[in-house]
Amino acid sequence: MKLDVRGLNCPEPVLRLKEVMDKGEKNIEIICDCGSAEENIHRFALSNDFRVAKAKNSDNSITYTLEK
C-alpha cells in the first residue's frame, strides 16, 4: 500500500497512516515531506509493532517502508 502525504502538515500524515493501519495493512510505503511529521511517523509505526526502513529522496522527502 502506498501512501503519499507530501504537502500535509501535522498531525494529518500520522492520522492518514493510522487509517491505513486500522484497515489491517501490513506493508505500507509512506512518502512525507513535513519535517515534524517524519519523527512522529517513525515513532507511531514502531509503537504499532512495524519494522521501519527510511530513505531520503532526491526531492528532500522521506520514504518510510513499514512492515509487520
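Be aware that the sequence shown starts at 1212, since it is given in the numbering used here, and climbs by one per residue.
Cβ atoms here follow ideal geometry from the backbone N, Cα and C, with glycine treated the same way.
The model shown is predicted, which means the values in this text are computed figures rather than measured ones.
Nearest-angstrom Cβ-Cβ length linking residue i and residue j, presumed shorter than 8 Å
| i | j | result |
| --- | --- | --- |
| Ser1272 | Ile1242 | 5 Å |
| Glu1240 | Leu1219 | Wrong, their Cβ atoms sit about 16 Å apart, outside the cutoff. |
DSSP state of residue i mapped onto helix, strand, coil
| i | result |
| --- | --- |
| Glu1236 | coil |
Opening and closing residue of the alpha helix (DSSP H) in which residue i lies
| i | result |
| --- | --- |
| Leu1277 | Leu1277 -> not in any alpha helix (DSSP H); beta strand (DSSP E) instead, spanning Ile1273 to Glu1278. |
| Leu1257 | Gly1246 to Ser1258 |
Contact check, residue i vs residue j, beta carbons under 8 Å
| i | j | result |
| --- | --- | --- |
| Ala1256 | Pro1224 | no |
| Glu1278 | Phe1261 | yes |
Beta strand (DSSP E) segment containing residue i, residue limits
| i | result |
| --- | --- |
| Leu1214 | Lys1213 to Asp1215 |
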